[in-house]
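Residue numbers (the numbering used here): 408 to 494.
Yeah, the Cβ is synthetic: ideal placement off N, Cα and C, and Gly gets one too.
As the structure is a prediction and not an experimental result, all values here were calculated from the model.
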């Protein structure tokens with residue numbers, strides 16, 4: 408398989424570096440990583456993908472209760488899903 412030459416940004420999810428396309432939906436990235444937020448019911452996360460159900464709540468940098476479905480990935484962002492212990 409050839410390596411992708413598309414631009415990437417580094418984000419940190421639960422302490423692990425992940426390279427993702429800039430501007431990617433954080434919710435989509437978390438789904439791809441099989442991680443969910445700590446919202447009202449984490450098993451739903453994210454069920455609506457339009458900021459209505461609060462099922463995709465995560466911490467981003469110093470901001471608590473960020474809806475991952477409304478957040479775009481940017482270089483250096485730190486995401487805490489509370490889905491696994493920090494490394």
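Note on geometry: alpha-carbon atoms of residue 429 and residue 419 lie some 13 angstroms from one another.
With a cutoff of 8 angstroms on beta-carbon distance, residue 463 and residue 481 are scored as not near each other.
Residue environment: residue 488 is assigned as buried (16 or more neighbouring CB atoms within 10 Å of its CB, all protein chains considered). Our two residues, residue 441 and residue 415, have alpha carbons roughly 20 angstroms apart in a direct line.
The three-state reading of DSSP puts residue 439 in helix, counting H, G and I together.
In the same chain as residue 471, and ignoring 5 residues on each side of it, no C-beta atom comes closer than 6 angstroms to its own.
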